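For reference, the structure discussed in these notes is given below.
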Amino acid sequence: MFSGKPPFRFLKQIQQNETLDKVLRNYSHFQSKTPMKRSPSLVPATILCAITLSGLLTAAHSQQKSSLEAVPYPEGYREWAHVSSAIITPQSPAFKRFGGFHHIYANAKAMEGYRSGTFADGSIMVFDLLEAQEKDGAISEGGRRFVDVMLKDNKRFAQTGGWGFEEFRGDSKTERTLSNPQEQCFGCHAKKQERGFVYSVLRK
Ligand code: HEC
Numbered sequence: 000m001f002s003g004k005p006p007f008r009f010l011k012q013i014q015q016n017e018t019l020d021k022v023l024r025n026y027s028h029f030q031s032k033t034p035m036k037r038s039p040s041l042v043p044a045t046i047l048c049a050i051t052l053s054g055l056l057t058a059a060h061s062q063q064k065s066s067l068e069a070v071p072y073p074e075g076y077r078e079w080a081h082v083s084s085a086i087i088t089p090q091s092p093a094f095k096r097f098g099g100f101h102h103i104y105a106n107a108k109a110m111e112g113y114r115s116g117t118f119a120d121g122s123i124m125v126f127d128l129l130e131a132q133e134k135d136g137a138i139s140e141g142g143r144r145f146v147d148v149m150l151k152d153n154k155r156f157a158q159t160g161g162w163g164f165e166e167f168r169g170d171s172k173t174e175r176t177l178s179n180p181q182e183q184c185f186g187c188h189a190k191k192q193e194r195g196f197v198y199s200v201l202r203k
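Counting from 1, position 118 in the sequence shown corresponds to residue 117 in numbering that gives the first Met the number 0; the numbering is continuous, with no gaps.
If you want it as structure tokens, here you go:
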């Protein structure tokens, strides 16, 4: 089911093109509303608009691309320190998105961050989400749903509190799922600004 297969890259491209198409369509819609007879002063304004729009599109695209590509798969994270675990059950409003077991892991730099309260560049945390299966009163781990990653780099990810976000599907190290990490991840983590955008706390 989650055996991340080739069409993904292609799908991602389509998604991006769709967004582009939408913006362009809206733009031509806007253009069609402008009077047919343009006064000369409208011409430079239209050109300026087009330049600004293409600039915005390029910026939006390169930002999306950089945040998607700048957070690598967290190779070896199962050897890192275990921070904490939890189970999200069907009673939770977060079940559909995050239901199951999750285990949080941190690399050495992130461990310092948990202790000091300040996460230095290079800190990485992983939120490892697995299915939860109940049998004979015992709940055990099932297949991996996805691997969520946060990587600290204050310069590159200045717009999202210094954190780069990424999600890998199932056991895949290459199949990335996010189209807009700012909305899909940071929107929620932003609520923890006073704790450096980190939710979990290190337990003994
Ligand atoms: C609806 C809110 C919400 C959204 C959306 C969300 N998270 Fe989280 N995230 C949390 C909570 C709550 C925890 C702490 C869970 C715990 O302590 O067991 C957490 C923990 C984490 C951690 C461990 C570090 C920490 O902050 O505790 C990582 C890594 C993480 N999330 C990555 C992501 C990524 C990547 C996305 C986007 C795909 C994402 N999160 C989206 C709420 C959210």
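Don't be surprised by glycine CBs; every beta carbon is placed ideally from N, CA and C.
These figures come from a predicted structure and were not determined experimentally.
Under the criterion of beta carbons closer than 8 Å, aspartate 147 and valine 125 qualify as touching, at roughly 7 Å. Annotation for serine 115: the continuous alpha helix (DSSP H) segment containing it runs 107-115.
If you ignore the 5 residues before and after phenylalanine 97, its C-beta comes within less than 6 Å of the C-beta of Ile87, all in its own chain and listed in chain order. Relative to the ligand HEC, the nearest heavy atom lies less than 8 Å away from the CB of phenylalanine 97. The three-state reading of DSSP puts tyrosine 198 in coil, since its state is none of H, G, I, E or B. Fewer than three pairs of CB atoms, one per stretch, sit closer than 8 Å, so the segment 184-197 makes no contact with the segment 90-108.
Rounded to the nearest whole angstrom, the C-alpha separation of proline 92 and glutamate 174 is 26 Å. The three-state reading of DSSP puts arginine 175 in strand, counting E and B together.
Taking phenylalanine 196 as the centre and dropping the five residues before and after it, the same chain places the C-beta of Gly160, Trp162 and His188 closer than 6 Å to its C-beta, in chain order. By the neighbour-count criterion, in which 16 or more other beta carbons inside 10 Å mark a residue as buried, aspartate 120 falls on the exposed side.
Distance between glutamate 78 and glutamine 158, taken at the CA atoms: about 30 Å. Taken in chain order, the complete beta strand (DSSP E) segments of 3 or more residues contained in the segment 121-198 are 123-134, 137-151 and 162-168. Its Cα nearest to that of valine 200, the residue Ser83 stands out among Ser171, Ser83, Ile123 and Phe145. Ranked by Cα distance from alanine 85, the first of Lys134, Ser178 and Leu128 is Leu128. Rounded to whole angstroms, glutamate 166 and isoleucine 138 show a C-alpha spacing of 25 Å.
Under a 10 Å Cβ-count criterion, tyrosine 198 is classified as exposed, with fewer than 16 other Cβ atoms of the shown protein chains found around its own Cβ. The nearest non-hydrogen atom of the ligand HEC is 8 Å or more from the C-beta of glutamine 90.
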